[in-house]
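Chemist:
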Amino acid sequence: MHKLIETNGLTYYYRKGTRDEVKALDSVNMAVYKGEMLSITGQNGSGKSTLARHFNALLKPGQGSILIKGLSTANKDSISEIRKIIGMVFQNPDNQLVSSIVEEDIAFGPENLGLPQAEIIDRVDWALETLNLEDLRREPPHNLSEGQKQQVAIAGVLAMKPECIVLDEPTAHLDPRGRREVMESAIRLNREEGITIVLLTHFMSEVVHCDRMLVMEGGAIKMEGSPEKVFRQSAEIKSAGLDFPVASQVAEGLRREGFKIKPDIVRTEELIDCLCQLKS
Amino acid sequence: MELTKNITLGVYLPGKSSIHNLDPRTKIITATIMIVLLLISRSYAAFALSALFVGFLITLSGVPAGYAMRGLKPMLPVLAIMWVFQLFLFKAPDTTIYFHWWIFEATAAGLHMGNLIILRVLFLFTVTTFLTLTTSVVSLTDGLESLLKPLRAIGIPSQELVMTLVIALRFVLILAEELEKIIKAQMARGVAFDRGNFIQKTRKIFPVFLPLFIGAFKRAEELIVAMDARSYTGGKGRTKMKTLHMGRVDLEAAAAMIVYGGLLIYIIIFTEPMI
Amino acid sequence: MSIEVVNLSHSYKEGTPFEKQVLFEINLSVGEGEFVGIIGPTRSGKTTLAQHFNALHIPRRGKVLIDGLDTKDKRADLVKIRHRVGYVFQNPEYQLFAPTVGEDIAFGPLNQKLSREEVDERVREAMAQVGLDYRALRDRDIFALSGGQKRRAAIAGVLACKPGVLVLDDITAGLDPRGREEILSVIKELHHRQNLTTIFISNSMDEVAAMAERIIVIDRGRVIMDDSTRNVFARFKELRDIGLELPEVTVLIDRLRTAGFNLPAGVLNVSEALTSISAALRELEAQK
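Here the protein sequences come in this chain order: A, B and C.
All residue numbers for the first sequence refer to the working numbering, where the first residue is 531 and numbers rise by one.
All residue numbers for the second sequence refer to the working numbering, where the first residue is 27 and numbers rise by one.
All residue numbers for the third sequence refer to the working numbering, where the first residue is 60 and numbers rise by one.
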């Protein structure tokens, strides 16, 4: 598969050269492949957000390099191109909405790209439709629920037609419906629109919906692979301060009770299928 | 505990009246002319005419008059103090003296000066509040941006200035929310903001500032990063989804403005000023 | 301590064109030593309701009684009520304002006009309760703490006022799994050791299921369910209709039931799930 993002020995320091210098990223080598849905997880302070902010050149590497479709973020002239390729959605929707009307906010990105008026209108309509937000187009964001605001933020990025959307803990402050809707949108954009998704999250229930996961600890990548493969390494998962998905907890418990449960179960559907096979 | 309740300046009250439908540029120009005329008005007749005109506009817009004036409430004590100062301290030759005590003199000139200042502040406030009540931030800034565009030619970054204004207006509400949260958190730990005299209350406000500024800076930084991530690099090369169009209502508004302005200028020139 | 809410209604921006009623005729009571969860979609009125418990909102219509004391009563000492009903806000670390951990935690007790020794004792005790090392961290700069530590410091600041009721407003949002677990075990300990009446507002159904004995469900300003945790989560369809969910493990059991397994409804945690699934599987094996 084709690499959309590739880092090489990526290292980053906060407050470099001062007494409080912190090494936030420590020679990270990783890649994001075109079309995949990747999750990055790890404790607060493990370096997830710092890494993600390198993806669209909000931060520049201290040492090492990062290439976005072959473009280096260290090269000033590539930045506007890189930001067209990689879109970014943040944790708190209140702090990323610029305008006081939904459709105007979604137009903000395309306007910055200097697109012709007709094209902007088309893209705004398309983004509203793709995220089922047509009914809210004239609303001021402060009348929306947190979940709806986050959907507007995603639509605002989508309207820039990026190849990849990076979501930085987008569900941390949402209620159950908001969380479900944001996750459904992310999955739909990946499957139907072919957009590469990078999801930073603390929820294992979200991680299991991704094709691949990275676990970070102390600024470095500790584990990498499909959720099935990663959750097999139980000692490392615990030391990274993570949880196990509910389905794998139940599957593991049943295995210990002596039932024949197939290995590597991480999703509820798989556990149900497996138990139904036992039953018949 | 509700801080945002009495803020009316910068609040938009959606509606479908012809005032709401005016091109924002018409509204901005009209409001500016009105304010300038009121600042040079010096007679009661001029203010009476303006009160009629503003009253007519408010009725037409469907904004409850009480609400339009609500934001004045917190300003009343300051206005009263200003009035008293003018009444006693403004001196003019050849004026009636109503009252005399020690070095204080309440004179007719002082009374008129006090009234004049209060009327001006009142109208200034009402006109600007009315403008924001009937114009959304988005169209207000579109209007300003369009009006200020010629300034780019002489090197003034008008689009960036307007964007700064948009963000600043957004932050008024964010700051009020943040402030409310912090005050509540401190009340929950035993600070009685609702008790004590003016000085005691003021002293209690100090520990609020540190978390307020930290919170505001944090949010501002997040907003800047988010704008950056969406390719905002200033006004250059930016296009707009919506363009403004003047219509029939704007012509009618211009006509109304000419009639009012003409009458007012007539009054300003030919009637006796109060001072 | 007990809380009683009688016919409470509340509107924001009363008397303006933006007036919006957010609470409608709420009636409920929370008894001494109870652990009650409050759930509901965003903007359902959870926080507004909870802020009536410590007199941050004073009722205009209806009343709130704290240990029988009416918060509306002119003679009621609101400052005292706010010390007795401790309130931990969402993202409490943003509200820390003193330069050091110790000074911030001492803020509440100092407002109670206690002596220096008493205040120190309160700070020491509160830090121990949340698992922060008094000696190592008392003089530490607030901003040098980790996210989870800041949050525990904020909780200590409320505990130092010696509350009889603890109101916790979505205190785990944004924490990683380990940070969540630490905070939740602190809260559990406090409840068990001191029989502290606890009101736990959360967006995580898994957490509420693990923590609360009783759940109050709020939707659009009305109490729509008030029952034991098990009974509330047995009403799957209604919860989904208002935009809530079940705990993940309850969803699993529910779907297995639909697939024809003989399992009880309202299973709330992994160990219960294991017991009941094992039993059902053994029963099936026996039949074969």
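Glycine is no exception: its CB is placed at the ideal position from the N, C-alpha and C atoms.
Remember, it's a predicted structure, so these values are computed and weren't measured experimentally.
Does the distance from the CB of residue 641 (chain A) to the CB of residue 631 (chain A) come in under 8 Å?
Modeler: Their beta carbons are not under 8 Å apart, which means residue 641 (chain A) does not touch residue 631 (chain A) by this criterion.
Chemist: Look at the alpha carbon of residue 702 (chain A) and the alpha carbon of residue 78 (chain B), and state the distance between them as a whole number of angstroms.
Modeler: Taking the straight line joining both Cα atoms gives about 53 Å.
Chemist: Assess, as a yes-or-no matter, whether the segment 782–790 of chain A is touched by the segment 326–335 of chain C under the definition of 3 or more beta carbon pairs within less than 8 Å.
Modeler: The segment 326–335 of chain C is in contact with the segment 782–790 of chain A.
Chemist: Could you give the first and the last residue of the continuous alpha helix (DSSP H) run that contains residue 46 (chain B)?
Modeler: Note, residue 46 (chain B): alpha helix (DSSP H), 44–47.
Chemist: Return the first residue and the last residue of the alpha helix (DSSP H) that residue 216 (chain C) is part of.
Modeler: Looking at the DSSP string, the run of the alpha helix (DSSP H) that includes residue 216 (chain C) is 206–218.
Chemist: Select from C:278, C:294 and C:214 the residue whose C-alpha is nearest the C-alpha of residue 165 (chain C).
Modeler: Nearest option by C-alpha distance: C:214.
Chemist: Buried or exposed: residue 286 (chain B), going by 16 or more other Cβ atoms within 10 Å of its Cβ?
Modeler: With 16 or more Cβ atoms within 10 Å of its Cβ, residue 286 (chain B) is classed as buried.
Chemist: With a CB to CB cut of under 7 Å and the five nearest residues on each side skipped, what residues in its chain are close to residue 563 (chain A)?
Modeler: Closer than 7 Å at the Cβ level, and outside the excluded window around residue 563 (chain A), lie 531, 532, 533 and 534.
Chemist: Ordered along the chain, which non-local residues of its own chain (more than five positions away) have a Cβ less than 6 Å from that of residue 218 (chain C)?
Modeler: Same-chain partners within the cutoff: 185 and 188.
Chemist: Is residue 141 (chain C) close to chain B, meaning its C-beta is less than 8 Å from at least one C-beta of that chain?
Modeler: Chain B contact via Cβ: present.
Chemist: Which residues, in order along the segment 203–218 of chain C, keep a beta-carbon less than 8 Å from a beta-carbon of chain E?
Modeler: Reference to chain E is not applicable here, since the protein chains of this structure are A, B and C.
Chemist: Hey, residue 737 (chain A) and residue 706 (chain A) are a contact pair by Cβ (cut 8 Å); roughly how many whole angstroms apart?
Modeler: The pair is not a contact, with the Cβ atoms about 17 Å apart (cut-off 8 Å).
Chemist: Taking 8 Å as the cut-off, does the segment 230–239 of chain C touch the segment 191–203 of chain C (at least 3 CB pairs, one atom from each stretch)?
Modeler: No, the segment 191–203 of chain C does not touch the segment 230–239 of chain C.
Chemist: So, for residue 766 (chain A): in the same chain, excluding its five sequence neighbours on each side, which residues have a beta-carbon less than 8 Å away from its beta-carbon?
Modeler: Excluding sequence neighbours, residue 766 (chain A) sits near 745, 752 and 753.
Chemist: Using only the alpha-carbon positions, how far apart do residue 763 (chain A) and residue 807 (chain A) sit?
Modeler: C-alpha separation (whole angstroms): 26 Å.
Chemist: Could you tell me whether the segment 318–332 of chain C touches the segment 113–124 of chain C, where touching means 3 or more Cβ pairs closer than 8 Å?
Modeler: Because the criterion of three Cβ pairs below 8 Å is not met, the segment 318–332 of chain C and the segment 113–124 of chain C do not touch.
Chemist: What residue does the beta strand (DSSP E) around residue 273 (chain C) start on, and which one ends it?
Modeler: Looking at the DSSP string, the run of the beta strand (DSSP E) that includes residue 273 (chain C) is 273–278.
Chemist: Using a beta-carbon distance below 8 Å, is residue 582 (chain A) in contact with chain C?
Modeler: Not one chain C Cβ lies under 8 Å of residue 582 (chain A).
Chemist: Residue 655 (chain A): which of A:742, A:686, A:771 and A:585 sits nearest, CA to CA?
Modeler: It is A:686.
Chemist: Going along the chain, which unbroken runs of the beta strand (DSSP E) with 3 or more residues stay wholly within the segment 96–133 of chain B?
Modeler: Whole beta strand (DSSP E) segments, 3+ residues: 123–127 and 130–133.
Chemist: I want to verify the contact list: residues of chain C whose CB lies under 8 Å from the CB of residue 201 (chain B), in sequence order.
Modeler: Within chain C, no residue comes near residue 201 (chain B); the closest Cβ sits about 14 Å away, beyond 8 Å.
Chemist: Is residue 123 (chain C) closer than 8 Å to residue 196 (chain C) when the C-beta atoms are compared?
Modeler: No; because the gap between Cβ atoms is not below 8 Å, this pair is not in contact.
Chemist: Examine the Cβ distances between the segment 189–201 of chain B and the segment 153–171 of chain C and report whether three or more of them are shorter than 8 Å.
Modeler: The segment 189–201 of chain B is not in contact with the segment 153–171 of chain C.
Chemist: Specify, as a first and last residue, the run of the alpha helix (DSSP H) that residue 79 (chain B) falls within.
Modeler: Unbroken alpha helix (DSSP H) run through residue 79 (chain B): 70–87.
Chemist: Counting along the chain, where does the alpha helix (DSSP H) carrying residue 718 (chain A) start and finish?
Modeler: Taken as a continuous stretch (DSSP letters only), the alpha helix (DSSP H) holding residue 718 (chain A) covers 706–723.
Chemist: Can you tell me which residues form a DSSP beta bridge with residue 742 (chain A)?
Modeler: DSSP output for residue 742 (chain A) lists A:568 as bridge partner(s).
Chemist: Given a cut-off of 8 Å on the beta-carbon distance, is the pair residue 53 (chain B) and residue 161 (chain B) in contact?
Modeler: Yes, these two residues count as a Cβ contact at 8 Å.
Chemist: Would you mind stating whether residue 490 (chain A) and residue 694 (chain A) have Cβ atoms separated by less than 8 Å?
Modeler: This structure cannot speak to residue 490 (chain A), because chain A is shown only from 531 to 810.
Chemist: Would you say residue 288 (chain C) faces chain A, with C-beta separation under 8 Å as the test?
Modeler: Closer than 8 Å: no.
Chemist: What separation, rounded to the nearest whole angstrom, lies between the Cα atoms of residue 154 (chain B) and residue 163 (chain B)?
Modeler: Each residue's alpha carbon lies about 13 Å from the other.
Chemist: Going by other Cβ atoms of all chains shown within 10 Å of its Cβ, with 16 needed for buried, is residue 346 (chain C) buried or exposed?
Modeler: Classification of residue 346 (chain C): exposed, given that the 10 Å Cβ count is below 16.
Chemist: Flag this pair as yes or no: are the beta carbons of residue 298 (chain C) and residue 305 (chain C) separated by less than 8 Å?
Modeler: Yes, they are a contact pair.
Chemist: What alpha helix (DSSP H) runs, 4 residues minimum, are completely inside the segment 202–261 of chain B?
Modeler: You should have 224–255.
Chemist: Just list the beta strand (DSSP E) runs in the segment 229–289 of chain C, keeping only unbroken ones of 3 residues or longer that don't cross its boundaries, in chain order.
Modeler: Runs of the beta strand (DSSP E) inside the segment 229–289 of chain C: 256–260, 273–278 and 281–287.
Chemist: Nearest chain C C-beta to residue 211 (chain B) closer than 8 Å, yes or no?
Modeler: True, the Cβ-Cβ gap to chain C drops below 8 Å.
Chemist: Between residue 70 (chain B) and chain C, is the shortest Cβ-Cβ distance under 8 Å, so that the two count as touching?
Modeler: Closer than 8 Å: no.
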